[in-house]
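Only one structure is covered here, and it is reproduced in the block below.
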Amino acid sequence: MCLARSMVGNSDVTVAGTSWIVVELAGRATSEPRPQLTFGEGGRVGGSTGVNRLGGRYAVADGVLTVTDTVMTRMAGPPDAMDQEQRLLEVLGEPRQLTAGEGELILGGPAADAPAPDESAPDGSAPDGSAPVEPAPEQPIAAAARLAPAPAPAPDPTSAPAPAL
66 MCLARSMVGN
76 SDVTVAGTSW
86 IVVELAGRAT
96 SEPRPQLTFG
106 EGGRVGGSTG
116 VNRLGGRYAV
126 ADGVLTVTDT
136 VMTRMAGPPD
146 AMDQEQRLLE
156 VLGEPRQLTA
166 GEGELILGGP
176 AADAPAPDES
186 APDGSAPDGS
196 APVEPAPEQP
206 IAAAARLAPA
216 PAPAPDPTSA
226 PAPAL
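In my numbering, the protein residues as written are 66 to 230.
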């Protein structure tokens, strides 16, 4: 799944204060109405599955997004939309590797599948001082979901102050 704005290739991805449209789930493009997620400043996440509204809490630590305490309305929708909703809930139900790309956020495989951190010394030697450790080739993260930035909402003309008379 792809979702957030941040520093490209950095594990310090910041999603607070951003809104995203889920454009892909498990390698399949999402259909209208597309799921949307908004990450609040206080660790709250909200949005839509395309059929139902959802909310909960989120945290990002060490490049892993975790969504917890999820609540959701329970309306029925067309079979394709309900399948899409189920795929989104499966993705959000597990901690996921989080990577920001050019204008997109990617939720990768479950965090348990994340590669172990490189424990070699700065000179490339192993922690015990033995021969240099060859870095593992960078593997692309399989996207469980891809997100694109949501457009800013249009201003509400009814909330504009009345002109002075």
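For glycine and all other residues, C-beta sits at the position ideal for the given N, C-alpha and C.
Note that the structure is predicted; figures quoted are calculated from it, not measured.
Worksheet item: In terms of residues, what are the limits of the alpha helix (DSSP H) holding residue 134?
Response: Against the sequence shown, residue 134 aligns to sequence position 69. It is not in any alpha helix (DSSP H) - residue 134 instead sits in the beta strand (DSSP E) that spans 129-137.
Item to complete: Give me the Cα-Cα distance between residue 93 and residue 87, rounded to the nearest whole angstrom.
Response: As a first step, residue 93 must be located in the sequence shown, where it is residue number 28. As a first step, residue 87 must be located in the sequence shown, where it is residue number 22. Rounded to whole angstroms, residue 93 to residue 87 spans 11 Å at the Cα level.
Item to complete: Check whether the Cβ atoms of residue 97 and residue 211 sit closer than 8 Å, and answer yes or no.
Response: Counting from one through the sequence shown, the residue named residue 97 turns up at place 32. Counting from one through the sequence shown, the residue named residue 211 turns up at place 146. No, the Cβ-Cβ distance between residue 97 and residue 211 is not below 8 Å.
Worksheet item: In its own chain, which residues sit with a C-beta less than 8 Å from the C-beta of residue 106, not counting the 5 before and 5 after it?
Response: Position 41 of the sequence shown, counting from 1, holds the residue named residue 106. So the qualifying residues of the chain are 81, 82.
Fill in: Short Cβ contact (8 Å threshold) for residue 142 with residue 161
Start at 1 with the first residue of the sequence shown, and residue 142 comes out as number 77. Start at 1 with the first residue of the sequence shown, and residue 161 comes out as number 96. No; because the gap between Cβ atoms is not below 8 Å, this pair is not in contact.
Worksheet item: Which class does residue 141 belong to by DSSP, given the choice of helix, strand or coil?
Response: Sequence index remark: in the sequence shown, residue 141 carries index 76 (1-based). Judged by DSSP in its simplified three-state form, residue 141 adopts coil rather than helix or strand.
Worksheet item: Under three-state DSSP, which class holds residue 125?
Response: Here residue 125 corresponds to residue number 60 of the sequence shown, with the count starting at 1. Looking at residue 125 - three-state DSSP - the assignment turns out to be strand.
Practice prompt. Have a look at 79, 208, 214, 163 and flag the residue whose alpha-carbon is nearest the alpha-carbon of residue 130.
Written response: Stepping through the sequence shown from its first residue, residue 130 is reached at position 65. It is 163 whose Cα lies nearest to the Cα of residue 130.
Worksheet item: Between residue 213 and residue 169, is the Cβ-Cβ spacing less than 8 Å?
Response: Within the sequence shown, the letter at position 148 stands for residue 213. Within the sequence shown, the letter at position 104 stands for residue 169. For residue 213 and residue 169, yes; Cβs fall inside 8 Å.
Item to complete: Drop a sphere of 10 angstroms on the beta-carbon of residue 149, count the other beta-carbons inside from all chains shown, and report buried for 16 or more, exposed for fewer.
Response: Taking the sequence shown and counting its residues from 1, the one referred to as residue 149 is at position 84. The residue in question, residue 149, is buried, as its Cβ has 16 or more Cβ neighbours within 10 Å.
Worksheet item: Just the Cα atoms here: how many angstroms apart are residue 175 and residue 217?
Response: For the purposes of this step, residue 175 is taken as residue 110 along the sequence shown, with counting starting at 1. For the purposes of this step, residue 217 is taken as residue 152 along the sequence shown, with counting starting at 1. About 30 Å.
Discussion item. Please report the distance separating the alpha-carbon of residue 165 from that of residue 134.
Written reply: The residue labelled residue 165 in the question sits at position 100 within the sequence shown. The residue labelled residue 134 in the question sits at position 69 within the sequence shown. Using only the alpha carbons, I get a separation of about 24 Å.
Discussion item. The beta strand (DSSP E) that contains residue 164, what's its start and end?
Written reply: In the sequence shown, the residue the question calls residue 164 occupies position 99. 161-166 is the extent of the beta strand (DSSP E) around residue 164.
Practice prompt. Please confirm whether residue 101 and residue 208 have their CB atoms less than 8 Å apart.
Written response: Residue mapping note: residue 101 aligns to position 36 of the sequence shown, counting from 1. Residue mapping note: residue 208 aligns to position 143 of the sequence shown, counting from 1. No, the pair does not count as a contact, with Cβ atoms beyond the cut-off.
Worksheet item: Is residue 112 near residue 103, with beta carbons less than 8 Å apart?
Response: As a working mapping, residue 112 is identified with position 47 in the sequence shown. As a working mapping, residue 103 is identified with position 38 in the sequence shown. Yes. Within cutoff.
Worksheet item: Is residue 108 near residue 124, with beta carbons less than 8 Å apart?
Response: The residue you call residue 108 lines up with position 43 of the sequence shown. The residue you call residue 124 lines up with position 59 of the sequence shown. Residue 124 is positioned such that its CB atom lies closer than 8 Å to that of residue 108.
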